[in-house]
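Some notes on the structure that comes next.
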Amino acid sequence: MSTPGALPSERSVLRRLGVASWSWLGILALAAVVVLALSAVAGLVVPFVVAVVVAALLVPLVDALERRGVPRVAGALLVLAGFLLVVVLVAALSVAAVVSQWSVVTADLGDGLRAFSAWLEERGVEVASPVALLRLGLGFLGGLAAGPTSAVAGALASATAFLVGTGIALFLLFLLLTDWPRLVGWLSQRLWLPADVGAGVVEDVLAPLRSYYVALTLSSAIVSVVIALAAWLLGVPLALAIGVVTFVTSYVPYLGAIASGAFAVLVAWGAAGPTEALVLLLVVLAVQNVVQSVVQAKLTGAALDLHPVVTFSATIVGAAVAGVLGASLAVPVVAAVRRVVARLRTWRDGQVAAS
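Residue numbers (our numbering): 1 to 355.
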């Protein structure tokens, strides 16, 4: 029904706004249904998503081995064994770096919390206790990371569920590495698009994923080394632990940086003092916001040409929807959607022009 007295152009604008509003409501409703469905089967969804992401990163190595005459099954086993070796080494280093100095970590962290609480109280900010302050910070980060689909994280909460999920993920990873070309071809043919367009859509999804995690790993390694070196030069005794925590948490954008930065600053405050903590905070901010951004931009290029506001918003929405997993995947997913939409728009324009 038209608006009385409205010009044709005004009616057209109102019609477009109405269609767009209902479209967005439909998209949000569909997203809510998908999230609820995934929450119900989170025990299988999480291992599957992890397996797909890791397979997308590792499959070029299997392809390279196959081109050199290695049977694909053998190549998949070799790559999977190498990946597991790297994961075990990183995990062992992370645990050793923290556990071996656990008493020092807790003492310095406690001293830092007490000093920070006293500093706040001197400026009129009442804090019940350092423990309450720590709980407040952890609760804030936990609330951001968990999101409404806390079942996604809770499904792997127990040690037994974690082991089962890991076994499922490794089994799926092996199958994906072995049959990746056939699976990609099958998926490309079932997108109700021409074969070349379907293959391009699949590549548009995989390219940002690979570029993002390769760039994130390399840039995080550089950032972790720089922060650890700065802590060592400042006389902070847990420089290695700070570097390892910074690297491990970097796979959760923004939230991980907040957690690792707070850990480094509090340890420095407790072990060395407020001046050293302030200097380390400046180093952390500069390295994580400038160096890491520049390195990632150089490594990803056009694959992740997203404005920082978009990446931050996507991370927060991803964390709210699917917890830590959503926060980790949000940026490459947004980049992939952007590339797919651009490709489909180009294809549609070509179809219109041809007709």
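Yeah, the Cβ is synthetic: ideal placement off N, Cα and C, and Gly gets one too.
Inter-residue Cα distance where the pair is residue i and residue j
i: residue 304; j: residue 207; result: 9 Å
i: residue 249; j: residue 256; result: 5 Å
i: residue 80; j: residue 169; result: 12 Å
i: residue 205; j: residue 195; result: 16 Å
i: residue 17; j: residue 284; result: 44 Å
i: residue 344; j: residue 310; result: 21 Å
i: residue 48; j: residue 172; result: 7 Å
i: residue 326; j: residue 46; result: 10 Å
i: residue 342; j: residue 184; result: 20 Å
i: residue 254; j: residue 354; result: 46 Å
i: residue 308; j: residue 287; result: 16 Å
i: residue 83; j: residue 90; result: 11 Å
i: residue 316; j: residue 276; result: 31 Å
i: residue 351; j: residue 230; result: 57 Å
i: residue 312; j: residue 51; result: 25 Å
i: residue 15; j: residue 93; result: 60 Å
i: residue 29; j: residue 165; result: 29 Å
i: residue 67; j: residue 182; result: 16 Å
i: residue 87; j: residue 73; result: 21 Å
i: residue 263; j: residue 241; result: 10 Å
Beta-carbon proximity list for residue i, same chain, < 8 Å, skipping 5 on both sides
i: residue 368; result: For the chain, the structure presents residues 1 to 355; residue 368 sits outside this window and is missing.
i: residue 78; result: 65 and 70
Unbroken alpha helix (DSSP H) run spanning residue i, endpoints
i: residue 265; result: 255-271
i: residue 204; result: 195-233
i: residue 237; result: Residue 237 -> no alpha helix (DSSP H), and no H or E assigned at all.
i: residue 304; result: Residue 304 -> no alpha helix (DSSP H), and no H or E assigned at all.
i: residue 280; result: 274-286
7 Å CB neighbourhood of residue i in its chain, flanking five on each side removed
i: residue 232; result: 239
i: residue 210; result: 56 and 57
i: residue 243; result: 224, 225, 227 and 228
i: residue 187; result: 202
i: residue 163; result: none
Chain-order list of residues whose beta-carbon lies under 6 Å from that of residue i (same chain, five-residue window excluded)
i: residue 346; result: none
i: residue 180; result: 59
i: residue 197; result: 347
i: residue 138; result: Low local confidence applies: a pLDDT of 46 at residue 138 is under 50, so the model's placement there is unreliable, with the coordinate-based value given in what follows. Same-chain partners within the cutoff: there are none.
Reference residue i, options the options, closest by Cα
i: residue 177; options: 211, 76, 82 and 215; result: 76
i: residue 328; options: 309, 216, 243 and 234; result: 216
i: residue 279; options: 268, 88 and 288; result: 268
i: residue 333; options: 192, 164, 96 and 53; result: 53
i: residue 306; options: 288, 338 and 286; result: 338
i: residue 60; options: 84, 214 and 313; result: 214
i: residue 174; options: 87, 62 and 320; result: 62
i: residue 246; options: 259, 235 and 234; result: 259
i: residue 191; options: 21, 29, 25 and 340; result: 340
i: residue 200; options: 15, 29 and 336; result: 336
Residue-chain proximity (residue i, chain C), Cβ-Cβ < 8 Å
i: residue 173; result: The question asks about chain C, but that chain is absent: this structure has only one protein chain.
Just to confirm the assignment: which complete alpha helix (DSSP H) runs, minimum length 4, are found wholly within the stretch 50-77? none
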